[in-house]
Every structure is written in C-alpha cells, then in structure tokens.
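Trainee: The working numbering numbers the first residue of the sequence shown as 1 and each following residue consecutively.
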Amino acid sequence: MNYQTLLTSLENNIFIITINRPEKLNALNRIVIEELSAAIGEVYNNNEIKSAIITGAGEKAFIAGADISEFLSFDSTSGEELARRGQQNVFDKIENSPKPIIAAVNGFALGGGCELALACHFIIASENAKFGQPEVNLGLIPGYGGTQRLTQLVGKNRAMQLIMTGEMFSATDAQQFGIVNKVVAQNELLNETKKILSVIHTKAPLAISKVIEVVNNFDHTQQGYDFEIKKFGECFSTEDVKEGVTAFLEKRKANFKGK
Ligand code: COA
Numbered sequence: 001m002n003y004q005t006l007l008t009s010l011e012n013n014i015f016i017i018t019i020n021r022p023e024k025l026n027a028l029n030r031i032v033i034e035e036l037s038a039a040i041g042e043v044y045n046n047n048e049i050k051s052a053i054i055t056g057a058g059e060k061a062f063i064a065g066a067d068i069s070e071f072l073s074f075d076s077t078s079g080e081e082l083a084r085r086g087q088q089n090v091f092d093k094i095e096n097s098p099k100p101i102i103a104a105v106n107g108f109a110l111g112g113g114c115e116l117a118l119a120c121h122f123i124i125a126s127e128n129a130k131f132g133q134p135e136v137n138l139g140l141i142p143g144y145g146g147t148q149r150l151t152q153l154v155g156k157n158r159a160m161q162l163i164m165t166g167e168m169f170s171a172t173d174a175q176q177f178g179i180v181n182k183v184v185a186q187n188e189l190l191n192e193t194k195k196i197l198s199v200i201h202t203k204a205p206l207a208i209s210k211v212i213e214v215v216n217n218f219d220h221t222q223q224g225y226d227f228e229i230k231k232f233g234e235c236f237s238t239e240d241v242k243e244g245v246t247a248f249l250e251k252r253k254a255n256f257k258g259k
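(1) If L82 and A39 are in contact, beta carbons under 8 Å, what's the gap, nearest whole angstrom?
(2) Using alpha carbons as the reference points, say which of A171, Y144 and C120 lies closest to I17.
(3) Report yes if the C-beta of G58 is less than 7 Å from at least one heavy atom of the ligand COA; otherwise report no.
(4) Spatial neighbours of I101 within its chain, please: CB distance less than 8 Å, with the 5 preceding and 5 following residues excluded, ordered by chain position.
(5) Would a C-beta distance cut-off of 8 Å place F62 and A109 closer than the cut-off?
(6) Considering only their Cβ atoms, is the gap separating G113 from N128 smaller than 8 Å?
(7) Mind pulling the beta strand (DSSP E) runs of 3 or more residues that sit fully within the region 111-139?
(8) Quick check for students: name the residue ranges of the alpha helix (DSSP H) that lie wholly in the region 56-115, counting only runs of 4 or more.
(9) Could you give the first and the last residue of the continuous alpha helix (DSSP H) run that contains L10?
(10) Taking 7 Å as the line, does the beta carbon of S78 fall inside it for any heavy atom of the ligand COA?
(11) Would D240 pass as a contact of K257 if the rule is Cβ separation under 8 Å?
(12) Give the single residue among T8, E23 and S97 whose Cα lies nearest to the Cα of V211.
(13) So, at 8 Å on beta carbons, what are the nonlocal neighbours of A171 in its own chain, with the 5 sequence-adjacent residues on each side left out?
(14) What is the residue span of the alpha helix (DSSP H) that F232 lies within?
(15) Under 7 Å from any heavy atom of the ligand COA, does the C-beta of L190 make it?
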C-alpha cells in the first residue's frame with residue numbers, strides 16, 4: 001500500500017513503518033493515525049510479515065506527539081473522539097498485534113510519541129532519544145493510553161512525577177526506569193532492532209502470539225495464572241509444538257510453520 005505520511009518496506013519478513021513528517025517532527029495528525037491503522041492492519045493480514053518496527057524519519061524525532069495544530073477547534077466531545085479513535089484503531093491494535101511490533105525510538109518521543117512507543121511490545125532507543133509526557137504544558141493529559149501504560153511500567157509514583165512535571169527524560173533514564181530495553185548509537189538503531197527480531201523469527205510464531213497475549217493480560221491474581229494455563233494447554237494443539245519437541249529430541253533445529 002502507498003501512504004502519504006508513512007514509508008513502509010519489507011526486509012527479511014520485517015515490516016518497517018517509518019512516520020515521515022520530519023519537518024513537523026513526525027507529529028501524529030489525523031492522516032498519520034488513519035494510515036498507521038492501515039499499516040498495522042497490514043501487519044495482521046500479510047503472511048509475508050512476521051514482525052514490524054515503528055520508527056520516525058530523520059535524526060531528530062521518533063514522534064513529537066499528537067499534532068497540536070489540530071487542537072484549537074476541539075471541544076470535549078471531539079477530544080474524547082480523538083483519543084478513543086486513536087486508542088482503538090492504532091494503540092490497542094499495536095499492543096494486541098499477534099506479531100511482534102517493536103519501537104525503534106530515534107529521537108523525541110513526546111506525548112503521543114511516547115505513548116506509541118509504550119504500546120509497542122518493547123522499545124529500543126538511540127542515545128539521543130528523549131522521552132516525555134508534556135501534555136500538562138498544554139492544559140491536557142495523556143490521551144493515547146499514557147497514564148495506564150506508563151504507570152504499569154514505571155509504577156505509580158514515578159508515573160505521577162513524569163506526567164505532572166511533563167519533563168523530558170533521556171534514553172538512559174528511560175532504560176533505568178524499565179521503559180527502554182536497550183540504548184544504542186543512532187546509526188545502529190535499526191540494525192540492532194532487526195537483529196533481535198531475526199532471533200524471534202526463528203521461534204514458533206503461534207507461541208510468540210500467545211506470549212504477547214498472556215503478557216499483555218498480566219494480572220497478578222489467579223486470573224492471570226489461569227489464562228497462562230489455558231494458553232499453555234492450547235500450544236499442544238499446534239503442529240509447531242510437535243516439530244519443536246521432535247527437533248529437540250532429534251538434536252536438530254526446529255523448522256516452524258506457524259501452524
Ligand atoms: N504538533 C505539531 N507540530 C509540531 C509538534 C507537535 N506535537 N512538535 C513539533 N512540531 C513542529 C513545530 O511547530 C515546528 O514547525 P514549524 O517549523 O512549521 O514552526 C517543527 O515541528 C519543528 O519543531 P521546533 O519546535 O521548531 O523544534 P525544536 O527543536 O525547537 O523543539 C521540541 C523540539 C520537540 C522540544 C518541540 O517541537 C516541542 O516541544 N514540541 C511539542 C511536544 C509536545 O508538547 N508534544 C505533546 C503534544 S500533546
């Protein structure tokens with residue numbers, strides 16, 4: 001598919017989605033949100049795609065937030081609609097994707113940009129990346145899931161401080177807070193992310209989907225454990241588990257089919 005605000009490419013079964021509005025620091029306007037929804041749809045539906053990377057064009061920004069220039073005419077109803085549409089069509093769809101979607105954060109990840117990275121399954125960042133939820137500077141609060149996902153990752157007190165001060169924090173701070181998995185030089189960012197995905201591609205795809213489902217449904221009550229038990233059991237109805245176990249016993253590499 002051709003997009004107005006996104007660049008996409010498929011390399012070794014990795015779909016790379018680049019938000020391409022560098023002159024506006026890749027801010028999320030209505031078209032970007034619509035196109036991201038379609039691009040994530042491709043991840044779900046295209047069998048050639050085994051995983052995806054989301055990144056930003058240029059060296060300065062991943063995504064500097066929702067497009068502030070669209071906000072002036074908003075009222076409560078349209079504000080709520082914007083948040084709901086974005087959450088349902090993009091952020092939740094990324095989080096619940098059956099295939100891994102990794103954020104390669106190459107610069108500013110502010111507001112909706114930070115939230116989009118948080119919706120991905122994990123985050124690799126370049127040394128110059130800067131994170132933040134600066135909505136309070138505009139009289140707003142995060143609306144694309146930031147209050148929920150950031151709190152889950154960093155805990156209540158740190159989330160309160162980060163969201164109330166709106167302060168930016170570095171990639172190394174983000175790593176220390178448990179937001180970022182790895183910090184690398186900017187020119188290594190895509191390669192490092194691809195390397196991790198190439199390891200994941202050797203694993204059983206249906207098991208990977210179930211990992212995403214169960215970890216996303218983390219719930220430190222019996223419900224969480226029960227869900228894991230159910231999904232663990234389901235693995236035994238796949239062809240891949242037979243292949244994986246047989247390959248181990250035959251001392252060879254497994255050849256998974258995703259069935
Ligand atoms: N929405 C719309 N446009 C944005 C934007 C956003 N979130 N973030 C940056 N831009 C635009 C700027 O208006 C500017 O456009 P212009 O050249 O037509 O004036 C262009 O991108 C470059 O940004 P600029 O502010 O000149 O770059 P900078 O290096 O001085 O500052 C930031 C970078 C990220 C600190 C600054 O752009 C910023 O604070 N952006 C807003 C971040 C934010 O509040 N996000 C949450 C939104 S809810």
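Think of the CB as a built atom: it goes at the ideal place given N, C-alpha and C, for glycine as much as any other residue. All figures in this text were calculated on a predicted structure; none of them were measured in a lab.
Mentor: The short version:
(1) Counting from 1 along the sequence shown, the entry for residue 82 is found at position 82. Counting from 1 along the sequence shown, the entry for residue 39 is found at position 39. With a Cβ gap of about 19 Å, L82 and A39 do not count as contacting.
(2) Along the sequence shown, one-based indexing puts residue 17 at 17. Taking only the C-alpha atoms, the option nearest I17 is C120.
(3) Within the sequence shown, numbered from 1, the residue matching residue 58 stands at position 58. Between the ligand COA and the CB of G58, the shortest heavy atom gap is not smaller than 7 Å.
(4) Locating residue 101 in the sequence shown gives position 101, where the first residue counts as 1. Scanning its chain for C-beta atoms nearer than 8 Å, with the 5 sequence neighbours on each side dropped, one finds around I101 the residues I40, V43, S51, A52, I53, I54, I94, C120 and H121, in chain order.
(5) Indexing the sequence shown from 1 puts residue 62 at position 62. Indexing the sequence shown from 1 puts residue 109 at position 109. Cβ distance < 8 Å, so F62 and A109 count as in contact.
(6) Here residue 128 refers to the residue found at position 128 when the sequence shown is read from its first residue. Here residue 113 refers to the residue found at position 113 when the sequence shown is read from its first residue. Their beta carbons are not under 8 Å apart, which means N128 does not touch G113 by this criterion.
(7) List check, beta strand (DSSP E) in window: 122-126 and 130-132.
(8) Complete alpha helix (DSSP H) runs here, min 4: 76-86 and 92-95.
(9) The count along the sequence shown starts at 1 and reaches residue 10 at position 10. Residue range L6 to E11 is occupied by the beta strand (DSSP E) that includes L10, with no alpha helix (DSSP H) assigned at that position.
(10) Taking the first residue of the sequence shown as 1, we reach residue 78 at position 78. For the ligand COA, not one heavy atom lies less than 7 Å from the Cβ of S78.
(11) On the sequence shown, residue 240 is found 240 positions in, with the first residue counted as 1. On the sequence shown, residue 257 is found 257 positions in, with the first residue counted as 1. Cβ distance < 8 Å, so D240 and K257 count as in contact.
(12) Position 211 of the sequence shown, counting from 1, holds the residue named residue 211. When each option's Cα is compared against that of V211, the closest is S97.
(13) As a first step, residue 171 is located in the sequence shown; it is residue number 171 there, counting from the start. Within its own chain, the residues whose Cβ lies closer than 8 Å to the Cβ of A171, once the five positions on either side in sequence are excluded, are V105, A125, S126, E127, N128, A129, K130, F131, V180 and V183, listed in chain order.
(14) What you label residue 232 is simply residue 232 of the sequence shown in a count that begins at 1. Annotation: the continuous alpha helix (DSSP H) that includes F232 extends over Q222 to C235.
(15) Here the question's residue 190 lines up with position 190 in the sequence shown. No, the Cβ of L190 stays beyond 7 Å of every heavy atom of the ligand COA.
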